[in-house]
Amino acid sequence: MEQMDEIKLTSDPKNLKVIADFVGKILKKRKIKSDIIEEILLAVDEAATNIIKHSYQEKTDGNIKLILETGPDKIAVSIFDNGITFRPEDVPLPVLSKDIDNRRPGGLGIFLMKKFMDDVTFYFKGTSGRDFNEVRMVKYLN
Amino acid sequence: MGFDVKNIEDKPEIAIVYLKGRLDVHYSSEVETQINKLISEGKKKLVISLNDVEYLSSSGLRIFIAISRTLKEVNGQLKLIKLNETARKIFKIVELIDMFDIYESEEEAINSFM
Numbered sequence: 001m002e003q004m005d006e007i008k009l010t011s012d013p014k015n016l017k018v019i020a021d022f023v024g025k026i027l028k029k030r031k032i033k034s035d036i037i038e039e040i041l042l043a044v045d046e047a048a049t050n051i052i053k054h055s056y057q058e059k060t061d062g063n064i065k066l067i068l069e070t071g072p073d074k075i076a077v078s079i080f081d082n083g084i085t086f087r088p089e090d091v092p093l094p095v096l097s098k099d100i101d102n103r104r105p106g107g108l109g110i111f112l113m114k115k116f117m118d119d120v121t122f123y124f125k126g127t128s129g130r131d132f133n134e135v136r137m138v139k140y141l142n
Numbered sequence: 001m002g003f004d005v006k007n008i009e010d011k012p013e014i015a016i017v018y019l020k021g022r023l024d025v026h027y028s029s030e031v032e033t034q035i036n037k038l039i040s041e042g043k044k045k046l047v048i049s050l051n052d053v054e055y056l057s058s059s060g061l062r063i064f065i066a067i068s069r070t071l072k073e074v075n076g077q078l079k080l081i082k083l084n085e086t087a088r089k090i091f092k093i094v095e096l097i098d099m100f101d102i103y104e105s106e107e108e109a110i111n112s113f114m
């Protein structure tokens with residue numbers, strides 16, 4: 001049976017720990033394996049960080065809502081914001097083969113989200129009648 | 001985020017930094033500032049211990065890249081020690097594991113400085 005849990009917070013970076021504790025506690029209660037929890041927490045943190053840094057431009061009073069869906073076959077995390085639309089295609093993915101001196105600094109966050117989750121989909125404010133930006137990340141179990 | 005520094009009595013250019021806690025975007029910039037301060041004070045050979053880093057994000061990775069570049073500019077060196085399983089996994093995924101000098105102990109790291 002699917003269960004949904006929701007949390008609303010502000011875009012204060014201190015809330016990244018609140019988000020991690022919220023998601024981690026619920027997934028542990030639902031007896032999700034610890035390595036899966038770890039990967040989901042990493043992806044969620046990266047997604048929330050992008051919202052704080054890019055959608056809210058590091059302002060700490062932006063609104064963030066996170067919905068966690070846990071079911072027998074999958075875990076889905078949706079994070080909503082109404083800040084500036086952050087388009088991931090505008091961020092080139094890191095070229096991993098380059099040495100440290102030549103690595104571009106950006107793109108690691110999205111790269112890690114896509115590595116740790118099975119599906120990552122972005123929905124943009126203003127499209128299809130949406131008032132909010134949303135990033136939805138799914139991890140399939142089994 | 002915990003940030004402790006140990007100096008070596010007869011090697012004033014070396015500092016060992018012990019990080020503890022979450023290295024996310026909130027704490028990464030503080031850590032970077034403090035490390036840059038150490039570098040400006042003449043600590044050009046840095047050993048950073050990740051033994052107690054419970055969480056490492058892309059923000060954390062970025063500061064290691066930035067610190068490595070800063071130290072290169074002053075002919076310094078960076079060594080990382082005691083990467084836990086999570087940190088090691090992330091370094092491997094973004095293919096940074098071979099780009100840093102990583103050791104298991106302080107002694108190995110200190111002895112490796114040229």
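Residue numbers (the working numbering), protein chains in the order written: chain A, 1 to 142; chain B, 1 to 114.
Quick reminder that beta carbons are idealized off the backbone N, C-alpha and C, glycines included.
Since this is a predicted model, take the numbers as computed values, not measurements.
Inter-stretch contact (C-beta, 8 Å, three-pair minimum) for the segment 41-60 of chain B and the segment 86-102 of chain B: yes
Rounded straight-line distance, which links the Cα of ILE75 of chain A to that of LYS33 of chain A: 12 Å
I need the DSSP call for SER57 of chain B, collapsed to helix, strand or coil. coil
Based on the DSSP secondary-structure assignment, which residues constitute the bridge partners of THR121 of chain A? A:ARG136
Using 9 Å as the threshold, is the C-beta distance between ILE36 of chain A and VAL77 of chain A below it? no
LYS154 of chain A by DSSP, collapsed to three states: which one? Outside the displayed range of chain A (1 to 142) lies residue 154 of chain A, so it cannot be described from this structure.
Could you work out which residues of chain A lie near ASP101 of chain B, taking near to mean beta carbons separated by less than 7 Å? Neighbours of ASP101 of chain B on chain A: none; closest Cβ ~11 Å, over 7 Å.
Determine the extent of the beta strand (DSSP E) in which VAL77 of chain A is found, giving its start and end residues. 74-81
Are the segment 26-40 of chain B and the segment 104-120 of chain A in contact at 8 Å, needing three or more beta carbon pairs? no
Buried versus exposed, by CB contacts within 10 Å (16 or more), TYR140 of chain A: exposed
The alpha helix (DSSP H) that contains ILE90 of chain B, what's its start and end? 85-93
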